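One line per chain: the protein sequences are A and B, in this order. Residue numbers for the first sequence follow my numbering, beginning at 30 and rising by one. Residue numbers for the second sequence follow my numbering, beginning at 15 and rising by one. For reference, the structure is listed below as structure tokens.
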Amino acid sequence: MIAASRLTKLFRDKKRGEIRAVDDVSFTCEPGKIYGLLGANGAGKTTTLRMLATLLAPTDGVALVAGFNVATQPAEVRARVGFLAASTALYGRLTARETIAYFGRLNGLDDARIATRTEQLSAELGMDDFLDRRVDTFSTGMKQKTSIARTLVHDPAILILDEPTLGLDVMAARGIVRFVRECRARGKTVIYSTHIMSEVEKLCDRVGIIHGGRLLAEGTLDELRDRHGERDLEEIFVKVAGGEGAA
Amino acid sequence: MNLRNVLTVYRKELRDALRDRRTLVSMFLVPAVIMPAILFLFGTVSHQVMKKARSEPPVVAVLGGEDSPAVRAALAAEPGLKVEAAPADWRERIADKRLRAVVEIPADFQASLAGNLPAQVSIYHYEGEFKSGFAVGELRRFFAGLRERTLAERLSSHGLPAGFARPFDIRTENVAPPEKVGGNSFGGFIPYLLILLSFTGVIYPAIDLMAGEKERGTLETLLCTPAARIDLVLGKFLLVLTVSLTTVACSLASMAVSLLVGGLALIGSGRLTAGLSQVGSKAGGEVLPLLDPLGLAGVVVLVLPLAVLFAALALTISLFARTQKEAQTYLAPLVAVVILPAVSGMLPGVELNATLALVPVLNVALACKELVSGVWQWTQLALIFGSTCVYAGLALAACVRMFGRERVLFRT
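As structure tokens, this is what we get:
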């Protein structure tokens, strides 16, 4: 479970002064559910997720991930989280098998467990053909599968996915969507950030619309539709964000 | 700190580095093959050029001396010179390298010699030009011989012994052990080389492992793992240190082999240069300079913490940079900062003292210079080793600290 309460992040910039990247954001994400964080570029999605993954420390507020405080128990949090983002790349000179083993070891798995997990993940994701090839020879889809295997090697209870389909072709993006659904089916807590409305409609049990660092609306898709009197999620988003010129 | 994590990161980085063509080139190919090949090629070419220059007698001209036909004839018969009459534009010809030197024989030169009168021969040449210098050498040798013969005749005509004008000879003999002679000659050069190589060896891996990972997005992937930041830094640091020390070892080994093989090849054909034959060789049959092995071991011990300092410093700077290009911009000028104190260690007159013992790089350069000569000043050595360890520790701590700063890790 993820519980964020009044999460805030300030950055100081010489030119722009103090920037409130995330401002007083609160939400809860239950096990077996997918929470969608919907927002335009620069809305604060990545900063929020990086705080949940303990890559950034919150300036204010509290976030509990799997019952551990991200600010005071980062190692415990990271041991229970799988973080996948468009910005989390792979080592080109390692094979897919070596990549899975490397991240397995850093997550505290022993060699026997790593071997078992590698076989499981390879079978589930269809990686047998390229498991022993170097990543820098992979297609985008192969890289994405390897990234997913790297994220899941320690079988984390929580998945934090930051725009995981960014830059992917249709087939690779569909693979991600399928993988996220399977994670939900296994009872994992999933938080999924995107600016693609169709992905939210396909996947998310609850949606938070974030804009200018603030969580402006939150609820199930039906709740949001009822509340704003719109069927189309894009229209709801534009309305919540303050009109066409808000971005 | 978790040693398993440190070793996991180190092993992965080592595997990655050994698959990286650029690392292999900078770590093995350049120091072990390319540099010796370039040095050998340069040595062979310069040797051939020198040989060719010496095999062709330089063209010189004689100015005056019409009333000294014997001297002119002897000069013309000199096998090492090609003598011509001086043309009117002989100065321009020297400057244009068409004539290597001109010797001016004064009027009544022969008569002056016979009459015990003073005389002066002038040689005109092109300062700094190799063949002109060679011609001057030949002319000086010829006239020095003539002077010796004239002196001997004068002494003989006065019934004086040959030793009359040479009351005593001066003989010099080296009594220092060959390893000390070698250490003194190479004492400054070896630490300079070690310091320079250990620094240049850290640059590429440090850039690749920090700024490179940041740029490629793999650092964020790594930071998501539960491994402590210090484990990640230490694993990467150990790899940078490994590359640096391997570069040094490969360079030194290849240089020793090149010197040995190249030197033996030259000895074999009887053309060993004078400088090389003097270095640390009693019989002239040894090519490598003899150095105190214990002193060399001491040098390695002193350079180790310095390599640690360089590795930590380069990693810290690379971590601060946003991109590999930015890291290169920061690190490249540092080579000069490292070279300066290392070169200062080679300067004559710069001696180790308590103050200089605390100046990083310079202290090691000076201490190494003494060590390879077999001089062990234990108090200062302890001070240097201790202070360099402290600097290295501080640099490593700064690197670990910086690795924990999100403003640095996510600097865009």
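A virtual CB, placed ideally from N, CA and C, is assigned to each residue, including glycine. Note that the coordinates shown come from a computational prediction; the quantities given were computed from them, not determined experimentally.
Subject >> Other residues of its chain near Pro103(A): CB distance less than 8 Å, five sequence neighbours each side excluded >> reply: Thr83
**OP:** Return the first residue and the last residue of the beta strand (DSSP E) that Cys413(B) is part of.
**Re:** Counting along the chain, Cys413(B) falls outside any beta strand (DSSP E), though it belongs to the alpha helix (DSSP H) covering Trp392 to Phe417.
Subject >> Under the three-state DSSP convention, the category Tyr140(B) falls into >> reply: coil
Original post:
What does Asn136(A) reach in chain B if we use C-beta pairs closer than 7 Å?
Top reply: Thr239 and Pro240
Subject >> Straight-line gap, Ala321(B) to Val254(B) (C-alpha atoms, nearest Å) >> reply: 9 Å
Original post:
Quick one, are the C-beta atoms of Leu127(B) and Ala121(B) less than 8 Å apart?
Top reply: no
Original post:
Are the Cβ atoms of Ala225(B) and Ser332(B) separated by less than 8 Å?
Top reply: yes
Original post:
Taking one C-beta from the stretch 129-147 of chain A and one from the stretch 15-35 of chain B each time, how about it: are there three or more such pairs within less than 8 Å?
Top reply: yes
Subject >> Residue nearest to Arg107(A) in terms of C-alpha spacing, selected from Glu127(A), Leu85(A) and Ala115(A) >> reply: Leu85(A)
Original post:
Mind listing which residues of the stretch 211-238 of chain B have their C-beta closer than 7 Å to chain A's C-betas, in chain order?
Top reply: Arg230, Gly231, Thr232, Glu234, Thr235, Leu237 and Cys238
Original post:
Using a C-beta to C-beta distance shorter than 9 Å, which residues of chain B count as neighbours of Ser116(A)?
Top reply: Gly231, Glu234 and Thr235
Original post:
What in chain A is Cβ-close to Glu420(B), meaning under 9 Å?
Top reply: Arg79, Leu84, Leu85 and Ala86
Original post:
When you compare each of Leu244(A), Gly68(A), Ile48(A) and Met30(A) to Gly61(A) by their alpha carbons, which one comes out closest?
Top reply: Met30(A)
**OP:** Would you kindly report the start and end of the unbroken alpha helix (DSSP H) that includes Gly65(A)?
**Re:** Here Gly65(A) belongs to no alpha helix (DSSP H); instead the beta strand (DSSP E) covers Ile63 to Leu67.
Subject >> Cβ of Leu119(A) within 8 Å of any chain B Cβ >> reply: yes
**OP:** Please determine, among Ala130(A), Leu93(A) and Val267(A), the residue with the shortest C-alpha to C-alpha distance to Thr239(B).
**Re:** Ala130(A)
**OP:** Look at the Cβ atom of Pro205(B), then the Cβ atom of Val257(B), and state whether they are nearer than 8 Å.
**Re:** no
Original post:
What are the boundary residues of the alpha helix (DSSP H) that His172(B) is part of?
Top reply: Unbroken run through His172(B): none, as it is neither H nor E.
Subject >> Residue-chain proximity (Arg33(B), chain A), Cβ-Cβ < 8 Å >> reply: yes
Subject >> DSSP three-state assignment for Lys38(A), whether helix, strand or coil >> reply: strand
**OP:** Step through the CB atoms of chain A and report whether any lies within less than 8 Å of the CB of Asp110(B).
**Re:** no
Original post:
Do you know how far the Cα of Thr37(B) is from the Cα of Asp110(B)?
Top reply: 48 Å
Original post:
Beta carbon of Ala32(A), beta carbon of Leu81(A): below 8 Å?
Top reply: no
**OP:** Check whether the Cβ of Asn19(B) lies closer than 8 Å to any Cβ atom in chain A.
**Re:** yes
Original post:
Would you report the Cα separation of Phe148(B) and Glu118(B), rounded to the nearest angstrom?
Top reply: 17 Å
**OP:** Indicate whether at least one CB of chain A lies closer than 8 Å to the CB of Thr393(B).
**Re:** no
**OP:** Check whether the Cβ atoms of Met15(B) and Leu248(B) sit closer than 8 Å, and answer yes or no.
**Re:** yes
**OP:** Quick one: give me the first and last residue of the beta strand (DSSP E) that Cys212(A) is part of.
**Re:** Counting along the chain, Cys212(A) falls outside any beta strand (DSSP E), though it belongs to the alpha helix (DSSP H) covering Val199 to Ala214.
Subject >> Partner residues on chain A for Lys250(B), Cβ-Cβ distance less than 8 Å >> reply: Within 8 Å Cβ-Cβ: nothing; Lys250(B) doesn't reach chain A, min ~13 Å.
**OP:** Verify the CB distance criterion: does Tyr221(A) have a CB-CB separation below 8 Å to chain B?
**Re:** no
**OP:** Report buried or exposed for Gln62(B), applying the criterion of at least 16 other Cβ atoms within 10 angstroms of its Cβ.
**Re:** exposed
Original post:
Can you list, in chain order, the stretches of the beta strand (DSSP E) that have 3 or more residues and sit fully within the stretch 101-126 of chain A?
Top reply: 110-114
**OP:** Tell me whether Arg235(A) sits in a helix, a strand or coil according to DSSP, three-state version.
**Re:** strand
Original post:
Where does Asp52(A) fall in DSSP's three states?
Top reply: strand
**OP:** Return no unless some Cβ of chain A is closer than 8 Å to the Cβ of Lys26(B).
**Re:** yes
Original post:
Along chain B, which residues have their Cβ under 9 Å away from the Cβ of Leu188(A)?
Top reply: By Cβ distance, chain B contributes nothing, its closest Cβ being about 12 Å from Leu188(A), past 9 Å.
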